[in-house]
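J.: In the numbering used here, each number is its position in the sequence shown, counted from 1, plus 129.
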Amino acid sequence: MTFLAILISLGLAESPAPKIQKERQEIGPVYAAPLKYKGHMIFLASTGGLYESTFEQKNLKSLFRSKLPTVAQPVIYGDIVYFGDGLHDNTESNLYAYDLKKNKLVFSVSVSGHIEKAVKIVDEKIITGLGPAGVAAFDMKTGKTLWHTKEYNGKKLHVDSEPIIDGDKFYIGSIYEHKAIIALNVADGSVIWNVPLEKSPKMDLVLEKRKLVGLSTEAGLMEEKRDVPSDFFVVDKSGKLLIQKELRGANFFPQLIKKNAAFVSLMTGDVISIDLDSGKVTVIDQYPEPFIATTFTNGGANCAVSFMGRLACYKNGKSFLKKDLGEQVIGRISPDMAGKVYLPTRVGYYILKL
Numbered sequence: 130m131t132f133l134a135i136l137i138s139l140g141l142a143e144s145p146a147p148k149i150q151k152e153r154q155e156i157g158p159v160y161a162a163p164l165k166y167k168g169h170m171i172f173l174a175s176t177g178g179l180y181e182s183t184f185e186q187k188n189l190k191s192l193f194r195s196k197l198p199t200v201a202q203p204v205i206y207g208d209i210v211y212f213g214d215g216l217h218d219n220t221e222s223n224l225y226a227y228d229l230k231k232n233k234l235v236f237s238v239s240v241s242g243h244i245e246k247a248v249k250i251v252d253e254k255i256i257t258g259l260g261p262a263g264v265a266a267f268d269m270k271t272g273k274t275l276w277h278t279k280e281y282n283g284k285k286l287h288v289d290s291e292p293i294i295d296g297d298k299f300y301i302g303s304i305y306e307h308k309a310i311i312a313l314n315v316a317d318g319s320v321i322w323n324v325p326l327e328k329s330p331k332m333d334l335v336l337e338k339r340k341l342v343g344l345s346t347e348a349g350l351m352e353e354k355r356d357v358p359s360d361f362f363v364v365d366k367s368g369k370l371l372i373q374k375e376l377r378g379a380n381f382f383p384q385l386i387k388k389n390a391a392f393v394s395l396m397t398g399d400v401i402s403i404d405l406d407s408g409k410v411t412v413i414d415q416y417p418e419p420f421i422a423t424t425f426t427n428g429g430a431n432c433a434v435s436f437m438g439r440l441a442c443y444k445n446g447k448s449f450l451k452k453d454l455g456e457q458v459i460g461r462i463s464p465d466m467a468g469k470v471y472l473p474t475r476v477g478y479y480i481l482k483l
């Protein structure tokens, strides 16, 4: 798929918009989930616009616009929202800190690579993957670079995953040239352990007790061939690979972990459950279209929304709720905020009331 086609699919290029409320049309495409801040909603459009609105997506206020398009998830720490920009082809991008209370930019720092996921704040450091430039830490007040890890054993790190903080260390996935799950020191970015994988761990990791859970694949986010396989893997916090099991499709988002099982929706349209101890796969359902979004919970049920906007919720592996929402959904679905779940679309958020 061409880069232009990818942009159209994400809503970053011109494409027909459905007849929906004016505020949603003003927002444009969104990929990241919104955040709650002092009775309002803060969110980042894929075009780079940082906005504030009510939870109903009304009274829209434009706060700031990044220099490049973005699919990164913003993070609020105190009154400051941190986020990066740049897409897969960008080798130079930017890291931002914006003060929501004072309504002004704290800093904008040019960085190598691109920032496609959420940054993490720990010990007054901003830790983030930089795509082809590896992983780095920046001072959370000034944006000054504190350390920068670019390679391991002579191989370049490519980090598009969200860092997972665990005390004085953190975990990342490196893809392409060096395919591995890596534990590093928060203090200086030095490598603690490295677990090689057969495929690139493009999915964000989930830390469940002592287990790091994820998917690795050579598929692309907007892959035309939807049955490119992935490996479901479980890595112990000590750096031991426990499970590596091939699946017939991929996904690029952290999935739900409940009752020692991963609830996984795939680009093949499969909805499955995987036991974290044995790796046993249980097929729950199957759809003709792909799932390219995060999963969420609703009334104790595990839920997924397909690319074509079909909502599917399951309890104990059985269908609990199915509904056609009539929206194209791709990206990070919000957790429950004020009794609502926000689904990212080409034109603002579709609000699902629980």
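From the three backbone atoms N, C-alpha and C, an ideal C-beta is built for every residue, glycine too. Being a predicted model, the structure only gives us computed values, none of them experimental.
Please report the straight-line C-alpha distance between Gly260 and Glu245, rounded to a whole angstrom.
T.: Within the sequence shown, numbered from 1, the residue matching residue 260 stands at position 131. Within the sequence shown, numbered from 1, the residue matching residue 245 stands at position 116. For Gly260 and Glu245, the distance between alpha carbons rounds to 8 Å.
J.: Just list the beta strand (DSSP E) runs in the segment 168-253, keeping only unbroken ones of 3 residues or longer that don't cross its boundaries, in chain order.
T.: 169-173, 178-182, 190-194, 204-206, 209-213, 221-228, 233-241, 249-251, all fully within the segment 168-253.
J.: Could you pull out every residue in the same chain whose Cβ sits closer than 6 Å to the Cβ of Thr131, ignoring the five residues on either side in sequence?
T.: What you label residue 131 is simply residue 2 of the sequence shown in a count that begins at 1. Here the model assigns Thr131 a pLDDT of 35, short of 50, so the residue's position is not dependable and the matter cannot be decided.
J.: Tell me the DSSP secondary structure of Gln154 in three-state form.
T.: Here residue 154 refers to the residue found at position 25 of the sequence shown. Three-state DSSP puts Gln154 in a helix.
J.: Our contact map puts Val288 next to Ile310 with C-beta atoms below 8 Å; I'd like the distance itself, whole angstroms only.
T.: If you number the sequence shown from 1, residue 288 lands on position 159. If you number the sequence shown from 1, residue 310 lands on position 181. About 11 Å; that fails the 8 Å criterion.
J.: Which class does Arg475 belong to by DSSP, given the choice of helix, strand or coil?
T.: Looking up residue 475 in the sequence shown gives position 346. Arg475: coil per DSSP, three-state reduction.
J.: Note down the Cα distance separating Glu253 from Leu275, rounded to an integer number of angstroms.
T.: Here residue 253 refers to the residue found at position 124 when the sequence shown is read from its first residue. Here residue 275 refers to the residue found at position 146 when the sequence shown is read from its first residue. In a straight line, the C-alpha of Glu253 is about 11 Å away from that of Leu275.
J.: In whole angstroms, give me the CA-to-CA distance for Lys340 and Glu152.
T.: The residue labelled residue 340 in the question sits at position 211 within the sequence shown. The residue labelled residue 152 in the question sits at position 23 within the sequence shown. In a straight line, the C-alpha of Lys340 is about 42 Å away from that of Glu152.
J.: Beta-carbon within less than 7 Å of Asp453's beta-carbon, same chain only, minus the 5 sequence neighbours each way: which residues are those?
T.: Position 324 of the sequence shown, counted from the first residue, corresponds to residue 453. So the list reads Gly438, Arg439, once near-sequence residues are dropped.
J.: Nearest to Lys451 by CA position, among Ala430, Tyr471, Gly460, Asp465, is which residue?
T.: On the sequence shown, residue 451 is found 322 positions in, with the first residue counted as 1. For Lys451, the nearest C-alpha among the options comes from Ala430.
J.: Phe316: which of Asn223, Leu326, Ile256, Val357 sits nearest, CA to CA?
T.: Taking the first residue of the sequence shown as position 1, residue 316 is located at position 187. Per the sequence shown, the amino acid found at residue 316 is Ala instead of Phe. Considering only alpha carbons, the answer is Ile256.
J.: Thinking C-alpha only, which one of Glu185, Ile171, Glu291, Gly349 is nearest Lys469?
T.: For the purposes of this step, residue 469 is taken as residue 340 along the sequence shown, with counting starting at 1. With distances taken between Cα atoms, Lys469 lies closest to Glu185.
J.: According to DSSP, is Pro464 helix, strand or coil?
T.: Locating residue 464 in the sequence shown gives position 335, where the first residue counts as 1. Pro464: coil per DSSP, three-state reduction.
J.: What does DSSP give as the partner residues of Lys482 in its beta bridges?
T.: Here the question's residue 482 lines up with position 353 in the sequence shown. Beta-bridge pairing links Lys482 to Lys469.
J.: Relative to the C-alpha of Ile413, which residue among Ala422, Ile421, Ala441 is closest?
T.: Reading the sequence shown from its first residue, position 284 is the one you call residue 413. Considering only alpha carbons, the answer is Ala441.
J.: Which of the three DSSP states is assigned to Thr271 in this structure?
T.: For the purposes of this step, residue 271 is identified with residue 142 of the sequence shown, where counting begins at 1. Residue state, collapsed to three classes: coil.
J.: Which runs of the beta strand (DSSP E) fall wholly inside the segment 267-329 and span at least 3 residues, in chain order?
T.: 274-278, 293-295, 298-303, 309-314, 320-325, all fully within the segment 267-329.
J.: Can the beta-carbon of Gly178 be found closer than 9 Å to that of Ile156?
T.: Numbered from its first residue, the sequence shown carries residue 178 at position 49. Numbered from its first residue, the sequence shown carries residue 156 at position 27. Yes, they are a contact pair.
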